[in-house]
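Chemist:
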Amino acid sequence: MVSWIMAIRSVNYDFMLTALSELRTKIFQLAGRDPIPAGNPYYKLPYRSMDELPLTTGTTNQYEPILNLSLACSSLVSLCSNSQPSAFVITNIKTPPQFYWLRHSQTEVLPDTCDPHYFTTVILTAKYTLLSTEIKFEVFDVYDRKHQKMLPIGTAECTVKDILGAPNYQLRKEIKQGGDIRGYINILGWKEALEPPMQTPENSSPKLPLSPLQVGFDVCGL
C-alpha cells in the first residue's frame with residue numbers, strides 16, 4: 309500500500325516540478341550556470357539564487373565547519389562610570405527562508421577592557437549556511453559578575469556575503485543601541501575547510517596580528 313502511495317506521489321505534477329527545481333539548483337551550483345536555456349518554458353521556474361546556494365559542494369557531512377569567525381571589539385563605551393566594560397558577544401544567525409533569529413554561540417567574558425579580543429570563535433557549518441545567511445552580534449556588559457547582572461551595549465549585523473566580500477575576510481561593523489554608536493566589532497573570517505591555506509616550510513602557519521593576552525571567564529546560565 310505504501311509503495312503505491314509513493315508511486316502516485318512521484319508522478320504528481322507539483323512533486324516533479326519541485327524535483328526539477330532542486331536538480332536545477334544542484335547543477336547551477338556545480339556548473340555555475342543555469343542548465344535550462346532562456347527559451348525553455350520551464351526557464352521561469354523558481355529556483356534558489358546564487359546567494360541562496362550552500363557554500364560547499366559534494367560534502368556528506370552537514371555539520372562540517374566551512375566558515376570560522378574570530379571576534380574582537382574596540383572602543384566600547386563604559387556603561388558604568390566607575391569601571392570599564394566586561395563584555396561578551398552572543399552570535400545569532402538567520403538563514404532564508406527562516407524569519408527568526410537562532411542563538412548560535414557565545415564568547416567568554418573579558419573583564420575591564422574597552423578593546424576585548426576573544427578566544428572563542430564562531431563556527432558556521434555546511435547546514436543552513438548560505439551567502440544570504442544573516443548574522444547578528446549582541447554585545448553585553450557584565451557589570452556585576454557576582455550576581456551575573458548585565459546590560460546591553462548594542463548590536464551589529466551583517467551577512468556571510470558581507471564577510472566573504474570584505475578584503476582578507478576582515479569586516480568592521482558599528483555596534484549600535486538606539487541609534488547611538490557604542491563601539492565597533494571586528495570580524496576576521498577564514499574558510500579553512502573550503503580553501504586550506506597554502507603552507508611553505510618557511511611559513512607553516514598564517515601570521516595574524518597578536519594582541520596582549522586577556523583572560524576571560526564564562527557567564528553561566530545565559
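Each residue of the sequence shown is one higher than the one before, counting from 309 in the numbering used here.
C-beta: ideal position from N, C-alpha, C; glycine also.
Please read all numbers here as calculations on a predicted model, not as lab measurements.
(1) Report whether the distance from the Cβ of Ala327 to the nearest heavy atom of the ligand NAP is below 7 Å.
(2) What are the complete alpha helix (DSSP H) segments, minimum 4 residues, inside the segment 451-509?
(3) To which residues does DSSP link Cys381 through a beta bridge?
(4) What is the DSSP secondary structure of Ser413, reduced to helix, strand or coil?
(5) Which same chain residues end up closer than 6 Å to Pro393 when comparing Cβ atoms and leaving out the 5 residues on each side of it in sequence?
(6) Please report the distance separating the alpha-carbon of Arg490 from that of Ala395.
(7) Could you say which of Ser389, Phe407 and Ser382 lies nearest to Glu442 if we only look at CA atoms?
(8) Rounded to the nearest angstrom, what separates Leu496 and Gln478 at their Cα positions?
(9) In angstroms with no decimal places, state the Cα-to-Cα distance between Pro404 and Phe427.
(10) Round the Cβ separation of Val430 and Leu377 to the nearest angstrom and send it over; I've been treating them as touching at under 8 Å.
(11) Going by DSSP, which residues form a beta bridge with Asp449?
(12) Take Leu438 as the anchor and find which of Ile374, Ala327 and Asn476 has the nearest alpha-carbon.
(13) Pro345 by DSSP, collapsed to three states: which one?
(14) Does the beta-carbon distance from Val447 to Ile483 come in below 8 Å?
(15) Kindly indicate which residue of Pro460, Lys499 and Ile493 has the alpha-carbon position closest to the one of Ser486.
(16) Please say whether Pro424 and Cys466 have beta carbons closer to each other than 8 Å?
(17) Given a cut-off of 8 Å, decide if Ala434 and Glu372 are closer than it, judged by their beta-carbon atoms.
(18) Taking the alpha-carbon of Lys481 as reference, which of Ser391, Trp498, Phe445 and Thr399 has the nearest alpha-carbon?
(19) Give the single residue among Tyr451, Asn348, Lys469 and Ser413 whose Cα lies nearest to the Cα of Ser531.
(20) With DSSP collapsed to three states, give me the class of Thr536.
Modeler: This is what the structure gives:
(1) Because no ligand of any kind appears in the structure shown, any question about the ligand NAP cannot be addressed here.
(2) Taken in chain order, the unbroken stretches of alpha helix (DSSP H) that lie wholly in the segment 451-509 and span 4 residues or more are 468-473.
(3) As a working mapping, residue 381 is identified with position 73 in the sequence shown. Paired residues: Ile493.
(4) The sequence position of residue 413 within the sequence shown is 105, counting from 1. Strand.
(5) Against the sequence shown, residue 393 aligns to sequence position 85. The answer, listed in chain order, is Leu384, Ser386 and Asp449.
(6) For the purposes of this step, residue 490 is taken as the residue at position 182 of the sequence shown. For the purposes of this step, residue 395 is taken as the residue at position 87 of the sequence shown. Cα-Cα distance, rounded: 12 Å.
(7) Indexing the sequence shown from 1 puts residue 442 at position 134. The shortest C-alpha separation from Glu442 is found at Phe407.
(8) Translated into the one-based positions of the sequence shown, residue 496 becomes position 188. Translated into the one-based positions of the sequence shown, residue 478 becomes position 170. Take the alpha-carbon of Leu496 and the one of Gln478: they are about 5 Å apart.
(9) Along the sequence shown, one-based indexing puts residue 404 at 96. Along the sequence shown, one-based indexing puts residue 427 at 119. C-alpha separation (whole angstroms): 29 Å.
(10) Taking the first residue of the sequence shown as 1, we reach residue 430 at position 122. Taking the first residue of the sequence shown as 1, we reach residue 377 at position 69. The Cβ separation is near 4 Å, so the contact holds.
(11) Taking the sequence shown and counting its residues from 1, the one referred to as residue 449 is at position 141. In DSSP, Asp449 forms a bridge with Ala395 and Leu459.
(12) Position 130 of the sequence shown, counted from the start, is the residue given in the question as residue 438. Nearest C-alpha to Leu438: Ile374.
(13) Locating residue 345 in the sequence shown gives position 37, where the first residue counts as 1. Here Pro345 sits in coil by DSSP.
(14) Working through the sequence shown from its first residue, we reach residue 447 at position 139. Working through the sequence shown from its first residue, we reach residue 483 at position 175. Yes.
(15) The residue you call residue 486 lines up with position 178 of the sequence shown. Residue 486 is actually Gly in this sequence, not Ser. Closest option to Gly486, Cα to Cα, is Pro460.
(16) Against the sequence shown, residue 466 aligns to sequence position 158. Against the sequence shown, residue 424 aligns to sequence position 116. Taking 8 Å as the Cβ cut-off, Cys466 and Pro424 do not qualify as a contacting pair.
(17) The residue labelled residue 372 in the question sits at position 64 within the sequence shown. The residue labelled residue 434 in the question sits at position 126 within the sequence shown. The answer is yes: Cβ separation under 8 Å.
(18) Indexing the sequence shown from 1 puts residue 481 at position 173. With distances taken between Cα atoms, Lys481 lies closest to Phe445.
(19) Outside the modelled stretch of the chain, which goes from 309 to 530, sits residue 531, for which no answer is possible.
(20) There is simply no residue 536 to check, as the chain begins at 309 and stops at 530 in what is shown.
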